[in-house]
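Asker:
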Amino acid sequence: MLIEAKEIQQVSNEVMNMLHEEELEVINDFYDAVVAKDIEKIHELFKVVLFDVEDHFETEETMMEKSNYGHYQVHKNDHDMMREKIAKYFERWLAIKSPLELQGFLENEFKGWLISHIAKWDSETALHLENAS
């Protein structure tokens, strides 16, 4: 397991909390396959990760746009940066299939980014959505 639920801050928007719970499950399943060096399962779950992360980000971005969130672009830029990183690692995966490289990315970059992104941007966005409704 890469990230425990208690490491993820709950925000004041249930839709966002649900997205985070789903992503946590997907990421932890993916991480377990990476640590086990199960090449077929990693390949299968990487596609699930790509879909889930995009769905998560698009849902939040739609909510931000609809509520005229003032920091939309900065929040979206943070999403875009991680979209690019994950896409880069997927391309590298297709080329060299290195579980060790993915493990390093998940442990040293993704985990910290997700925890801090939720604590900063998602919690702030959730408060805005709560006040906008």
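Sequential numbering from 7 applies to the sequence shown in our numbering.
The C-beta atom is built at its ideal place from N, Cα and C for all residues, glycine as well.
I want to know whether the stretch 95-104 touches the stretch 32-44 - three or more CB-CB distances under 8 Å.
Answerer: Segments in contact, no.
Asker: Would you check if the distance between the CB atom of L120 and the CB atom of M69 is smaller than 8 Å?
Answerer: Their beta carbons are not under 8 Å apart, which means L120 does not touch M69 by this criterion.
Asker: The alpha helix (DSSP H) spanning K53 covers which residue range?
Answerer: Segment 45-72, the alpha helix (DSSP H) holding K53.
Asker: Going by other Cβ atoms of all chains shown within 10 Å of its Cβ, with 16 needed for buried, is M7 buried or exposed?
Answerer: Label assigned to M7: exposed.
Asker: Measure the Cβ-Cβ separation of N19 and A132 and say whether it is below 8 Å.
Answerer: Yes, the pair counts as a contact, with Cβ atoms nearer than the cut-off.
Asker: Short of 7 Å in beta carbon distance, which residues of its chain neighbour D58, apart from the five on each side in sequence? Order them along the chain.
Answerer: Hits under 7 Å: E28, E29, V32.
Asker: Given that a residue counts as buried once 16 or more other Cβ atoms are within 10 Å of its Cβ, and exposed if not, what is V54?
Answerer: It is exposed - the Cβ of V54 has fewer than 16 other Cβ atoms within 10 Å.
Asker: Assuming K117 and I9 form a contact by the criterion Cβ under 8 Å, report the distance between their Cβ atoms to the nearest whole angstrom.
Answerer: Going by Cβ atoms, the distance from K117 to I9 rounds to 6 Å, so yes, they are a contact pair.
Asker: CB-CB under 6 Å to F36, same chain, minus the five flanking residues each way: which ones, in chain order?
Answerer: Closer than 6 Å at Cβ, skipping near neighbours: L51, V55.
Asker: So, is L108 buried or exposed, given that buried needs 16 or more other C-beta atoms within 10 angstroms?
Answerer: L108 comes out buried.
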